[in-house]
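The structure appears right after this line, and notes come after that.
Residue numbers (the numbering used here), protein chains in the order written: chain Y, 83 to 501; chain B, 102 to 442.
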């Protein structure tokens, strides 16, 4: 019985292939093939294209690099987490790719394994920590530096309005997020000092922080933000992926209940220029330039400067930063026409110009000197005059939480760096 | 078994595959892709190399097992869709137990036992309180999700990488059948499980009782069969298969050998199993082939993206069409059976 079944199954496969090949002949090769100098491949995580954040930014960087260096770009999406390894292996097996880029730390295990199996293939992983493979470039970001700028912005907005509380809503308590929290704390402390020197008044700003335990549940972000608003938080920084959408909602509703179109209280976005999601509510975003990271990896592979190990992109490399109007424009323009129209409709504005005008208006709610101060801190971090501590574990974040002022935190930073 | 009962469903399946493939080709053409290139990439990627075949078979492994869960219940006249949650429990049992005793057998047994245990509440609710199994198993899936998630994020979190649980120790991992692939002994185990299911269903008294009460509960009772007992056994056998799916998945699939946060690496197998079972006409041996068919589609998806440049969304659409077309005859049988009852 099994035999006949197998035979019939084979017939099925045969029929399948006959149908597939039966169409041959109707097709004509009409497209002119451009000659590429090489090929690169990018593997997205299960979030996939269209997330308006991580994966889309990676695409932005890859497609720009492909254009600049005349490369053919192959994109592979992953349906399930168990697809990462087969996807990477299939690409590596062909041996055709100058570099294969894995987007997202969830692919760390898979990259490690494939890198050992194909020692001649160059890989890069965004956000994954692979320090010891000669053929894997790990691209990490100094989120602590970007978050410090956000902390300074938040602290100064609060101080300027005579408030004494700011907040941060985070995702699952994992070491990466300590970088954000630590940097934010540093920035707020720096703002206290800056304000004191400018106005001669002592301010003591309290920082509320909530680890929601999720990256995907906006309801948790909303609850956390409402609690922080209840305790007087004047600016809330979200570091929680989709949970952050709930933070935006909470503040937006709060503003509506006060009959206000613009904050404060404000929210701060993360990863991409999220300002456009809720104009009036979101004062700025901490940009993590995944596109810059991907571009640099391709550039290194093409120019022969590729080296395995950790590459950390900070403010000075353009890897992180506070979102600008230009960033938002670029983000919007990278969207397909129909998606953009739909998004604009959802937000409730007639055109892109109107949206950008509203975002500019939002930014004007904060006095210029605050923005200048943030700029000043940025320059100081870039030049190395100010060092932002990078917390990697519980002990380190506790040390930052206990530190009295930013100078003490900077001492910690110097201590950890020299280790 | 009469040859006629075998040939008819097979012919139906082949016709259905052909129709699905043709509709898929039309959709591809209208979306601006070459169907020949796309299907060629699919077949080439899934069957054109030893690695491709390994990918196909390893993708087939968990869904063959979860399909058995559905098939055994369906043969008993029960619509058990609790495989998804049971997979989670099978996986977590394997992780806990192998970290106590680093032996693969312990992990497999643990997965089987917890899987069977987890299926009991729904069985008892069905038999003694008349709660419909579709409702209860859907809800139990969520209970399973959050219970196991608690362990993944809490007590079993890997201190070096809190996004996943502690790993299965090397000594308890299922060896790979082919180096540099994802194909492990789990596949052999799945095939054995299917053959054993076939044997139980058609060559034992218990199997006869299951099928008899599936055909007609009242007639079965009249013949001296206890349908309640049959239903409980169908849940237990089903739970055991999905528990095994969870255990083999974490014990046999590189690279992580752990459960990721949000169950990302073992998610969805339970529901995919329903489709596999329908395509395999709820027959354990048919399920082996339909599981491999699904494996081909899954392994081919990578090649369709790389070689033919068809985006994953499009790949999913085409595969969805093929699966729906192929599942129609099986679904039709099932509906007829339910309506008749």
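For each residue, glycine too, the CB sits at the ideal point set by N, CA and C. Note that this is a predicted model, so its numbers are computed, not measured.
- If you measure beta-carbon to beta-carbon, which residues of the region 167–186 of chain Y are closer than 9 Å to chain B? Cβ contacts with chain B come from 167, 168, 169, 171, 172, 173, 175 and 176.
- Message: Counting only Cβ pairs nearer than 7 Å, list the residues of chain B close to residue 163(Y).
- Response: Here residue 163(Y) is taken as the residue at index 81 of the first chain, counted from 1. Contact note: residue 163(Y) reaches chain B through 361, 365 and 366, using a C-beta cutoff of 7 Å and chain order.
- For a contact meaning CB atoms closer than 9 Å, what does residue 192(Y) contact in chain B? For this step, residue 192(Y) is matched to residue 110 along the first chain. Here the neighbours are 355, 356 and 357.
- Taking C-alpha atoms, which residue in 120(Y), 370(Y), 396(Y) and 455(Y) lies nearest to residue 238(Y)? For the purposes of this step, residue 238(Y) is taken as residue 156 along the first chain, with counting starting at 1. For the residues 120(Y), 370(Y), 396(Y) and 455(Y), the minimum Cα distance to residue 238(Y) belongs to 455(Y).
- With a cut-off of 9 Å, does the C-beta of residue 434(B) fall near any C-beta of chain Y? Walking along the second chain from the start, residue 434(B) turns up at place 333. Chain Y, which has no Cβ nearer than 9 Å to the Cβ of residue 434(B), makes this no.
- Query: Who are the Cβ neighbours of residue 121(Y) in its own chain at under 7 Å, not counting the five residues just before and after it?
  - Reply: For the purposes of this step, residue 121(Y) is identified with residue 39 of the first chain, where counting begins at 1. So the list reads 153, 154, 156, 178, 179 and 180, once near-sequence residues are dropped.
- Does the beta-carbon of residue 500(Y) have 16 or more other beta-carbons within 10 angstroms, so that it is buried, or is it exposed? As a position in the first chain, residue 500(Y) is number 418, starting the count at 1. Classification for residue 500(Y): exposed.
- Message: Using beta carbons (cut-off 9 Å, strictly below), is residue 229(B) in contact with chain Y?
- Response: Mapped onto the second chain, residue 229(B) falls at position 128. So, not an interface residue.
- Does any C-beta atom of chain Y lie closer than 9 Å to the C-beta of residue 170(B)? Reading the second chain from its first residue, position 69 is the one you call residue 170(B). So no, residue 170(B) is outside the interface.
- Proximal chain B residues relative to residue 199(Y), where beta-carbon distance stays under 7 Å: By one-based count along the first chain, residue 199(Y) stands at place 117. Chain B residues near residue 199(Y): 281.
- Message: For a cutoff of 9 Å on Cβ pairs, would you count residue 152(B) as touching chain Y?
- Response: As a first step, residue 152(B) is located in the second chain; it is residue number 51 there, counting from the start. Yes, because at least one Cβ of chain Y sits closer than 9 Å to the Cβ of residue 152(B).
- Take every Cβ of the region 157–175 of chain Y, pair it with every Cβ of the region 420–434 of chain B, and state whether three or more of those distances are shorter than 8 Å. no
- Task: Classify residue 362(B) as buried or exposed, calling it buried when 16 or more other Cβ atoms lie within 10 Å of its own Cβ.
- Result: Numbered from 1 along the second chain, position 261 holds the residue referred to as residue 362(B). Residue 362(B) is buried by the Cβ-count criterion.
- residue 109(Y): buried (16+ other C-beta within 10 angstroms of its C-beta) or exposed? Locating residue 109(Y) in the first chain gives position 27, where the first residue counts as 1. With a pLDDT of only 40 at residue 109(Y), under 50, the local geometry of the prediction cannot be trusted, and the value read off the model is given with reservation. The Cβ neighbour count for residue 109(Y), taken over all protein chains shown within 10 Å, is under 16; the residue is labelled exposed.
- Could you check what DSSP says for residue 450(Y) in three-state terms: helix, strand or coil? Position 368 of the first chain, counted from the first residue, corresponds to residue 450(Y). Helix.
- Task: Note down the Cα distance separating residue 314(Y) from residue 287(Y), rounded to an integer number of angstroms.
- Result: For this step, residue 314(Y) is matched to residue 232 along the first chain. For this step, residue 287(Y) is matched to residue 205 along the first chain. Going by the C-alpha atoms only, they are around 11 Å apart.
- Any beta-carbon of chain B closer than 9 Å to the one on residue 105(Y)? Walking along the first chain from the start, residue 105(Y) turns up at place 23. With a pLDDT of only 42 at residue 105(Y), under the threshold of 50, the placement of this residue in the model should not be trusted, and no figure is reported.
- Query: Which residue comes first and which comes last in the alpha helix (DSSP H) that contains residue 143(B)?
  - Reply: Position 42 of the second chain, counting from 1, holds the residue named residue 143(B). Its alpha helix (DSSP H) spans residues 136–148.
- Item | Residues that DSSP places opposite residue 123(Y) in a beta bridge | The residue you call residue 123(Y) lines up with position 41 of the first chain. Note: residue 123(Y) is bridge-paired with 156(Y) and 182(Y) in the DSSP secondary-structure output.
- Proximity to residue 498(B) [Cα-Cα], best of 170(B), 166(B) and 353(B): A query on residue 498(B) cannot be resolved here, the shown segment of chain B reaching from 102 to 442 and no further.
- Task: Within the region 269–340 of chain Y, note down every full alpha helix (DSSP H) run reaching 4 residues or more, in order along the chain.
- Result: Contiguous alpha helix (DSSP H) elements confined to the region 269–340 of chain Y occur at 300–312 and 325–339, taking only those with 4 or more residues.
- Let me know if residue 446(Y) comes out buried or exposed under the rule of 16 or more other beta-carbons within 10 Å of its beta-carbon. Position 364 of the first chain, counting from 1, holds the residue named residue 446(Y). Exposed, because fewer than 16 other Cβ atoms sit within 10 Å of the Cβ of residue 446(Y).
- Message: Within the continuous beta strand (DSSP E) that includes residue 412(B), where are the two ends?
- Response: As a working mapping, residue 412(B) is identified with position 311 in the second chain. Counting along the chain, no beta strand (DSSP E) covers residue 412(B), and no H or E run does either.
- Query: Taking Cβ-Cβ distances shorter than 8 Å, what residues in chain B pair up with residue 128(Y)?
  - Reply: Counting from 1 along the first chain, the entry for residue 128(Y) is found at position 46. 365, listed in chain order.
- Query: In chain order, what residues of the same chain have a beta carbon less than 6 Å from the beta carbon of residue 182(Y), not counting five sequence neighbours either side?
  - Reply: Counting from 1 along the first chain, the entry for residue 182(Y) is found at position 100. Excluding residues within five positions, the ones whose Cβ falls inside 6 Å are 123, 173 and 205.
- List the residues of chain B that residue 484(Y) touches, going by C-beta distances under 8 Å, in chain order. For this step, residue 484(Y) is matched to residue 402 along the first chain. Those within 8 Å of residue 484(Y) in chain B number zero; the least Cβ separation is about 23 Å.
- Message: Quick check: is the beta carbon of residue 419(Y) nearer than 9 Å to any beta carbon in chain B?
- Response: Here residue 419(Y) is taken as the residue at index 337 of the first chain, counted from 1. Not an interface residue.
- Taking the runs of the alpha helix (DSSP H) that are 4 residues or longer, which of them lie wholly in the region 355–414 of chain B? 370–380 and 385–409
- Output yes or no for whether 9 Å exceeds the beta carbon distance between residue 268(Y) and residue 229(Y). As a first step, residue 268(Y) is located in the first chain; it is residue number 186 there, counting from the start. As a first step, residue 229(Y) is located in the first chain; it is residue number 147 there, counting from the start. Yes, the Cβ-Cβ distance between residue 268(Y) and residue 229(Y) is below 9 Å.
- Taking the continuous beta strand (DSSP E) assigned at residue 489(Y), which residues delimit it? Counting from one through the first chain, the residue named residue 489(Y) turns up at place 407. Careful: residue 489(Y) lies outside any beta strand (DSSP E), inside the alpha helix (DSSP H) at 488–500.
- Message: With a threshold of 9 Å between beta carbons, is residue 204(B) in contact with chain Y?
- Response: Locating residue 204(B) in the second chain gives position 103, counting from the first residue. With respect to chain Y, the C-beta atom of residue 204(B) has no partner C-beta closer than 9 Å.
- Message: Tell me whether the region 431–449 of chain Y and the region 249–260 of chain Y touch, counting them as touching only if at least three CB pairs, one residue from each stretch, are closer than 8 Å.
- Response: no
- Query: Would you say residue 160(Y) faces chain B, with C-beta separation under 9 Å as the test?
  - Reply: Taking the first chain and counting its residues from 1, one reaches residue 160(Y) at position 78. Interface residue (Cβ-Cβ distance to chain B less than 9 Å): residue 160(Y) is classified as such.
- Message: Using a Cβ-Cβ cutoff of less than 7 Å, which residues in the same chain neighbour residue 326(B) once the five nearest sequence positions on both sides are dropped?
- Response: Numbered from its first residue, the second chain carries residue 326(B) at position 225. For residue 326(B), where only same-chain residues beyond five positions count, the Cβ hits under 7 Å are 310, 313 and 314.
- Message: Going by C-alpha to C-alpha distance, which of 382(Y), 342(Y) and 376(Y) sits closest to residue 363(Y)?
- Response: Along the first chain, one-based indexing puts residue 363(Y) at 281. Ranking 382(Y), 342(Y) and 376(Y) by Cα distance to residue 363(Y) puts 342(Y) first.
- Find the residues of chain Y that neighbour residue 403(B), judging by a C-beta separation of less than 8 Å, and give them in chain order. For this step, residue 403(B) is matched to residue 302 along the second chain. Ordered by position in chain Y, the residues that pass the 8 Å Cβ test against residue 403(B) are 158, 165, 168, 169 and 172.
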